[in-house]
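Participant: First residue of the sequence shown: 1, per full-length UniProt numbering; consecutive thereafter.
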Amino acid sequence: MSMLSNEISQALSKGSWIRRIFEQGAEMKKVHGADRVYDFSLGNPDLPPPPVVGECLADLASRSREPFAFGYMPNAGYPQVREALAAQVSLEQGVKFEASDLLLTCGAAGGINA
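1. How many Å lie between I21 and E7 at the Cα?
2. Drop a sphere of 10 angstroms on the beta-carbon of R19, count the other beta-carbons inside from all chains shown, and report buried for 16 or more, exposed for fewer.
3. How many Å lie between Q88 and F68 at the Cα?
4. What separation, rounded to the nearest whole angstrom, lies between the Cα atoms of G71 and V52?
5. Measuring straight from C-alpha to C-alpha, what distance separates K96 and M73?
6. Compare the Cα-Cα distances from R82 to each of A99, L4, L91, E92 and report the closest residue.
Shown next, in the form of structure tokens:
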């Protein structure tokens, strides 16, 4: 006895429309050449990410042992973000702000209820 419903079993045996498009694209590449067919099915085009993505991932991995790397952030927000934001707001407003003057929230409702 199958653990799958009849509907799922039938869908798996028939294949999906996106699978059919993928297979048709493969055939078109054989006929017209891979450089003349653009395949946007099934997660394609399969292009490498820009180099900056790899650089950012390497940077994140190198900082994996730092505080807050994978856990929850402090309720008031990341200290370094609050410091940078205080400096920027001070510059824009012409009034001195400290990181302790700022509380980062998830949207306006979080700020109103803080």
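Ideal Cβ placement from N, Cα and C applies to all residues, glycine included.
Facilitator: Concretely, from the data shown:
1. 21 Å
2. exposed
3. If you take the alpha carbons of Q88 and F68, they lie about 23 Å apart.
4. 24 Å
5. Just so you know, the alpha carbons of K96 and M73 end up roughly 25 Å apart.
6. A99
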